[in-house]
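Following: one structure in structure tokens, then a few remarks.
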Amino acid sequence: MSNVPSNLKYSKDHEWVDGEVAVGAKVKIGITDYAQGALGDIVYVQLPKVGDSVTEGAVCGEIESTKSVSELFSPVSGKVVAVNSQLDAAPETLNSDPYGAGWIAEIEISAPSSGLMDAAGYSALIG
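Next comes the structure, spelled out in structure tokens:
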């Protein structure tokens, strides 16, 4: 059973958003417990760059595990204002603490989000 915190919003691509999802707000994003479990041992993360514009549902990075390479999709549209550079040296943090120290980026939202789910909706998606 995956951990699905009730205070976060979720994308169908298994990313989470922490914060008020409103234009002008800054939110942290990351991958869900379900995603890190499916990936297995994470060995590398290609982070988006500060200043990059990202689009909801579009690729913004990459996560490499011992099993596969997976694209990271942005759950919101906006501008990257910070990245978790600690993941460069310790990508396995995504496995051990996906909702805390394993956050990936902070994004300033530029457009309303259309596809985010609450915890109940995401739990139903992953079964």
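Numbers 24 to 150, taken from the working numbering, label the letters of the sequence shown in order. Even glycine gets a Cβ: it sits at the ideal position worked out from N, Cα and C.
- request: Using 10 angstroms around the beta-carbon of residue 11, count the other beta-carbons present and answer buried if the total reaches 16, otherwise exposed.
  value: Any property of residue 11 remains undetermined from this structure, which presents the chain solely from 24 to 150.
task: Identify which residue in 120, 67, 50, 122 has its Cα closest to the Cα of residue 134.
output: Residue mapping note: residue 134 aligns to position 111 of the sequence shown, counting from 1. Closest by alpha carbon: 50.
- prompt: So what's residue 33 in DSSP terms, helix, strand or just coil?
  reply: Here the question's residue 33 lines up with position 10 in the sequence shown. If DSSP states are grouped into helix, strand and coil, residue 33 belongs with the strands.
Residue range of the unbroken alpha helix (DSSP H) whose run includes residue 149: In the sequence shown, counting from the first residue as 1, residue 149 sits at position 126. In the DSSP assignment, residue 149 falls within the unbroken alpha helix (DSSP H) covering 142-149.
task: Compute the beta-carbon to beta-carbon distance between residue 132 and residue 81, rounded to the nearest angstrom, for a pair I have assumed lies under 8 angstroms.
output: Here residue 132 refers to the residue found at position 109 of the sequence shown. Here residue 81 refers to the residue found at position 58 of the sequence shown. Contact flag wrong, Cβ pair sits at about 14 angstroms.
message: Spatial neighbours of residue 129 within its chain, please: C-beta separation below 6 angstroms, excluding the five flanking residues on both sides.
response: The residue you call residue 129 lines up with position 106 of the sequence shown. Excluding positions up to five away in sequence, the list reads 49, 51, 104, 105.
task: Out of 26, 28, 37, state which residue places its alpha-carbon closest to the alpha-carbon of residue 93.
output: On the sequence shown, residue 93 is found 70 positions in, with the first residue counted as 1. Cα-wise, what sits closest to residue 93 is 37.
- request: Decide if the stretch 109-123 is in contact with the stretch 136-150; the criterion is three or more beta carbon pairs, one per stretch, under 8 angstroms apart.
  value: No, the stretch 109-123 does not touch the stretch 136-150.
message: Within the continuous beta strand (DSSP E) that includes residue 93, where are the two ends?
response: The sequence position of residue 93 within the sequence shown is 70, counting from 1. Where residue 93 is concerned, the enclosing beta strand (DSSP E) stretches over 92-96.
Length of the line joining the Cα atoms of residue 137 and residue 113: Stepping through the sequence shown from its first residue, residue 137 is reached at position 114. Stepping through the sequence shown from its first residue, residue 113 is reached at position 90. Each residue's Cα considered, the two are about 32 angstroms apart.
- prompt: To the nearest angstrom, how far is it from the Cα of residue 78 to the Cα of residue 87?
  reply: As a working note, residue 78 is residue 55 in the sequence shown. As a working note, residue 87 is residue 64 in the sequence shown. In a straight line, the C-alpha of residue 78 is about 21 angstroms away from that of residue 87.
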